[in-house]
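Chemist: Can you keep this structure in mind? I'll have questions shortly.
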Ligand SMILES: Cc1ncc(C[n+]2csc(CCOP(=O)(O)OP(=O)(O)O)c2C)c(N)n1
Ligand SMILES: [Mg+2]
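Chains as they are written, first to last, in the numbering used here: chain A, 2 to 183; chain B, 37 to 623.
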């Protein structure tokens, strides 16, 4: 017996729908607990968070911008947006993916330890990726790299065999193209 | 008008400026400054409950029956945690509450102080919004904002957590008209284009149905009036959810009764077969839709709701209209009248013929007995003997609740208070307390189950203290009937822990609470005793002994389609087994 037939066949769970990745910007009033509200909403309703960043963007207006990268079917993504919009301290919700090909950047700090050829190779690759050396001893480097998520993923992948020790990533900051704001 | 006051004074001033007359609460260390201010004034009347859950349900009953915001005041820690059930209940059923909780002093927050709990953390997922007030100068604004948020958009409960030092501190008071919310602006007016499209779709319908819910009640009496006008103008059939009963009069010919799991055959069949569904302020909850991929497969759906997240959540809307039911109905009616559309009279007549066919199935029929009281009969008699009075009904949760929805007939909005979304046993008695406070001259009856009513029985003491003559009409089947019914149908009749053993003597219990008790055991005693109950000036516990093993039908098993109903009068065991084998994992 297939699940669709007897489960409460939520179109939200619709297996026929393709899973998409969306980047959503949420402008919120910077009151205490607002991030907990957003995260609690995702946890409570079982939505995915692939990446989440938050910082104040206007001190005077007391506004913060939350950038969430999430995955789900089109129906789920629509639900996520309406649920976010329903939170009392939310000014606005914009689906940057629907607006079209947003600019997305992430920063990562990557620590690599090693000697000899491996060390030389890591530095050479870092240059090719325009990563900066922000800390070094004769035994290690810390690289700072900025770019699309995929670029950072690739860089980290390359560092693995060269003595990767640890990584710290910021999560995605994103903005739409063109002159208009959200 | 900005003045310096203490935090506790600000609370009372803000409540007064919000027009609050009654609050429900329970004192404790962290709210003593506020209780001190209550002592010093006469404008606001405080009702002392016996458990904080009772305060929240009383406030819900008060709010739902009066259209005002219900106000609750409780202390920190256990006071706040005891209030959680009522907050969750109010969130699910969209009831406007403002709940003020005391908190330990700001310097102690986070130190595991005596009676400290993370109230905003605990209540965040079960409130529409909540606040922790750290600065007395924010207090007045937050209080006024809380009332605004609780009532506007889709209503709901709001918690304001006030540390004790903030209650003592001096700060500036501002009045409600000085407060404009920074972000919250729910959309009230529906899109004119969507409204015109909806009118076109309705006008061309061959098998239309109105499906309405609690949103119509929340929108206010004007929305119910407009709904009646629109439904009567079209001549189309109408059904409603549990929460929406009373928005359209049950005495009308166009009324099909409640729909859903224990709804009528005609309502569910009409929903299944319709070609245009006009959903007004309802949310396609699983108790309504049954199996989603079989839900009303051939209809175009118009969905009017003030909450965008309710639209296309479980059932896709063809014409979504985000807005307040009252406003949208008014616009629809205006457009309808200006267009004066030609409806397909022949098709509508044929549609009514089908509906009459389903109606003639007489799905609520049950076998009368003269040796025991059938629960359905008890409610029918209660209805007949109270229908000409100004009667408000609350319920607990279980079979009796469904029988009340099926057999008590509501002609007015705000006269029916029940826990629909959360299904909270123990709701009805304290809710009746709140209703009686809002309507001191009216007859307020809690149609109860013997098990549910034990959960908040102590509020009889509240009723006695304030002379609130609520009537608790217990359909006593000595079982958690609804649980027993599911065990009978789904678990091979193994009645695991659903027998209400060692029940108290409800008549003696009533006396112990300074109230009046009655017991009816035979159908022929019922009428006289109900009349005595009505005439009693005191709170009453009425122990109505009913058939112990009666089941509530019709029923759509969980996960089944609307056209797959079970009826009480013709069930063989094999049918039951088959019907329920599929949805066993569902609730
Ligand atoms: C607080 C709470 N606990 C458990 C349940 C599960 N439950 C639903 S109905 C029911 C039995 C209710 O029994 P009673 O009040 O006697 O009503 P009856 O069904 O017999 O009319 C139970 C235990 C619930 N709804 N609420
Ligand atoms: Mg019972």
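The beta carbon of each residue, even a glycine, is placed where N, CA and C say it ideally should be.
#1: Taking the continuous beta strand (DSSP E) assigned at residue 141 (chain A), which residues delimit it?
#2: I'd like to confirm something about residue 512 (chain B): is its beta-carbon nearer than 8 Å to some heavy atom of ligand 2, or not?
#3: What do you reckon, is the C-beta of residue 464 (chain B) under 8 Å from a heavy atom of ligand 2?
#4: Which runs of the alpha helix (DSSP H) at least 4 residues long sit entirely within the segment 428-516 of chain B? Give them in chain order.
#5: From residue 133 (chain B) to residue 196 (chain B), what does the alpha carbon distance come to, in whole angstroms?
#6: Assign residue 539 (chain B) to one of three DSSP states: helix, strand, or coil.
#7: Against chain B, with Cβ distances strictly below 9 Å, would residue 92 (chain A) count as a contact?
#8: Report the rounded CA-to-CA distance for residue 94 (chain A) versus residue 47 (chain A), giving the unit in angstroms.
#9: What I want to know is whether the C-beta of residue 430 (chain B) ends up closer than 8 Å to one or more non-hydrogen atoms of ligand 1.
#10: Indicate whether at least one CB of chain B lies closer than 9 Å to the CB of residue 83 (chain A).
#11: Under 9 Å, CB to CB, which of the residues in the segment 335-351 of chain B have a partner in chain A?
#12: Does DSSP put residue 183 (chain B) in a helix, a strand or coil?
#13: Closest by CA to residue 192 (chain B), which one among B:422, B:442, B:387, B:251?
#14: Whose C-beta lies closer than 6 Å to the C-beta of residue 10 (chain A) among residues of the same chain, with five residues either side of it excluded?
#15: My assumption, with CB atoms under 8 Å, is that residue 491 (chain B) sits in contact with residue 462 (chain B). Please give the rounded CB distance.
#16: So, helix, strand or coil for residue 152 (chain B), using DSSP?
#17: Which residue spans inside the segment 353-412 of chain B form an unbroken alpha helix (DSSP H) run of at least 4?
#18: Using beta-carbon positions only, say whether residue 625 (chain B) and residue 66 (chain B) come within less than 9 Å of one another.
#19: Quick one, which residues of the segment 176-201 of chain B are near chain A if we go by CB-CB under 7 Å, in chain order?
#20: Applying the criterion that 16 or more other CB atoms from any shown protein chain within 10 Å of the CB defines a buried residue, is residue 420 (chain B) buried or exposed?
#21: Tell me, which residues are paired with residue 166 (chain B) by DSSP?
#22: Give a single yes or no on whether residue 19 (chain B) has its beta carbon closer than 8 Å to a heavy atom of ligand 1.
#23: Leaving out five residues before and five after residue 61 (chain A) in sequence, what residues of the same chain have Cβ atoms less than 7 Å from its Cβ?
#24: I want to see whether chain A comes within less than 9 Å of residue 160 (chain B), judged by CB atoms only; does it?
#25: What is the DSSP secondary structure of residue 3 (chain A), reduced to helix, strand or coil?
#26: Taking three-plus beta-carbon pairs below 8 Å as touching, is the segment 586-595 of chain B in contact with the segment 568-575 of chain B?
#27: Quick check: what's the CA-CA separation for residue 110 (chain A) versus residue 162 (chain B)?
#28: According to a CB-to-CB cut-off of less than 8 Å, which residues of the segment 65-83 of chain A neighbour chain B?
#29: Do three or more CB pairs link the segment 463-482 of chain B to the segment 93-104 of chain B at distances below 8 Å?
#30: What I want to know is whether the C-beta of residue 533 (chain B) ends up closer than 8 Å to one or more non-hydrogen atoms of ligand 2.
#31: Taking the straight line between their C-alpha atoms, what separation do you get for residue 542 (chain B) and residue 587 (chain B)?
#32: For a minimum of 4 consecutive residues, which ranges assigned as the alpha helix (DSSP H) are wholly contained in the segment 194-244 of chain B?
#33: Please classify residue 424 (chain B) as buried or exposed, where buried requires at least 16 other C-beta atoms within 10 Å of its C-beta.
#34: If the cut is a Cβ gap below 8 Å, which residues of chain A does residue 545 (chain B) touch?
#35: Does the CB of residue 140 (chain A) have a neighbour CB from chain B at under 9 Å?
#36: Please say whether residue 506 (chain B) and residue 468 (chain B) have beta carbons closer to each other than 9 Å?
Modeler: This is what the structure holds:
#1: It spans 141-148 - the beta strand (DSSP E) in which residue 141 (chain A) sits, taken as one unbroken run.
#2: It does: the Cβ of residue 512 (chain B) is within 8 Å (strictly closer) of some heavy atom of ligand 2.
#3: Of the heavy atoms belonging to ligand 2, none sits nearer than 8 Å to the Cβ of residue 464 (chain B).
#4: Listed in chain order, they are 435-443, 464-474, 486-489, 495-501.
#5: Each residue's alpha carbon lies about 11 Å from the other.
#6: Of the three classes helix, strand and coil, the one that applies to residue 539 (chain B) here is coil, per DSSP.
#7: So yes, residue 92 (chain A) belongs to the interface.
#8: Cα-Cα distance, rounded: 19 Å.
#9: In this structure, ligand 1 has no non-hydrogen atom nearer than 8 Å to the beta-carbon of residue 430 (chain B).
#10: Cβ-Cβ to chain B under 9 Å: yes for residue 83 (chain A).
#11: Against chain A - using a Cβ distance shorter than 9 Å - the residues of the segment 335-351 of chain B are 343, 344, 345, 346, 347, 348, 349, 350, 351.
#12: Residue 183 (chain B): helix per DSSP, three-state reduction.
#13: Taking only the C-alpha atoms, the option nearest residue 192 (chain B) is B:251.
#14: Note that residue 10 (chain A) scores a pLDDT of 35, beneath 50, so its modelled location is shaky; the value from the coordinates is reported in the next line. For residue 10 (chain A), where only same-chain residues beyond five positions count, there are no Cβ hits under 6 Å.
#15: Contact check for residue 491 (chain B) and residue 462 (chain B): beta-carbon distance about 3 Å, within the 8 Å limit, so the pair qualifies.
#16: DSSP, reduced to helix, strand and coil, places residue 152 (chain B) outside both helices and strands of the structure shown, so it counts as coil.
#17: Segments of the alpha helix (DSSP H) lying fully in the segment 353-412 of chain B: 361-375, 381-395.
#18: Past the edges of chain B, shown from 37 to 623, lies residue 625 (chain B), and the structure says nothing about it.
#19: Within the segment 176-201 of chain B, the residues whose Cβ lies closer than 7 Å to some Cβ of chain A are 185, listed in chain order.
#20: Exposed, because fewer than 16 other Cβ atoms sit within 10 Å of the Cβ of residue 420 (chain B).
#21: B:195.
#22: Only positions 37 to 623 of chain B appear in this structure, which leaves residue 19 (chain B) out of reach.
#23: Excluding sequence positions up to five before and after residue 61 (chain A), its CB lies less than 7 Å from no other CB in the same chain.
#24: Yes - at least one Cβ of chain A is within 9 Å of the one on residue 160 (chain B).
#25: In this predicted model, residue 3 (chain A) has a pLDDT of only 31, less than 50, meaning its place in the structure is not dependable enough to derive any value.
#26: Output reads no: the segment 568-575 of chain B does not touch the segment 586-595 of chain B.
#27: Cα-Cα distance, rounded: 39 Å.
#28: Those would be 76, 79, 80, 83, in chain order.
#29: Enough Cβ pairs lie closer than 8 Å, so yes.
#30: Checking the Cβ of residue 533 (chain B) against ligand 2 gives no.
#31: If you take the alpha carbons of residue 542 (chain B) and residue 587 (chain B), they lie about 23 Å apart.
#32: You should have 200-204, 228-239.
#33: So residue 424 (chain B) counts as exposed.
#34: For the C-beta of residue 545 (chain B), not a single chain A residue is nearer than 8 Å; the gap to the nearest is close to 40 Å.
#35: It does not; no Cβ of chain B falls within 9 Å.
#36: Cβ atoms of residue 468 (chain B) and residue 506 (chain B): closer than 9 Å.
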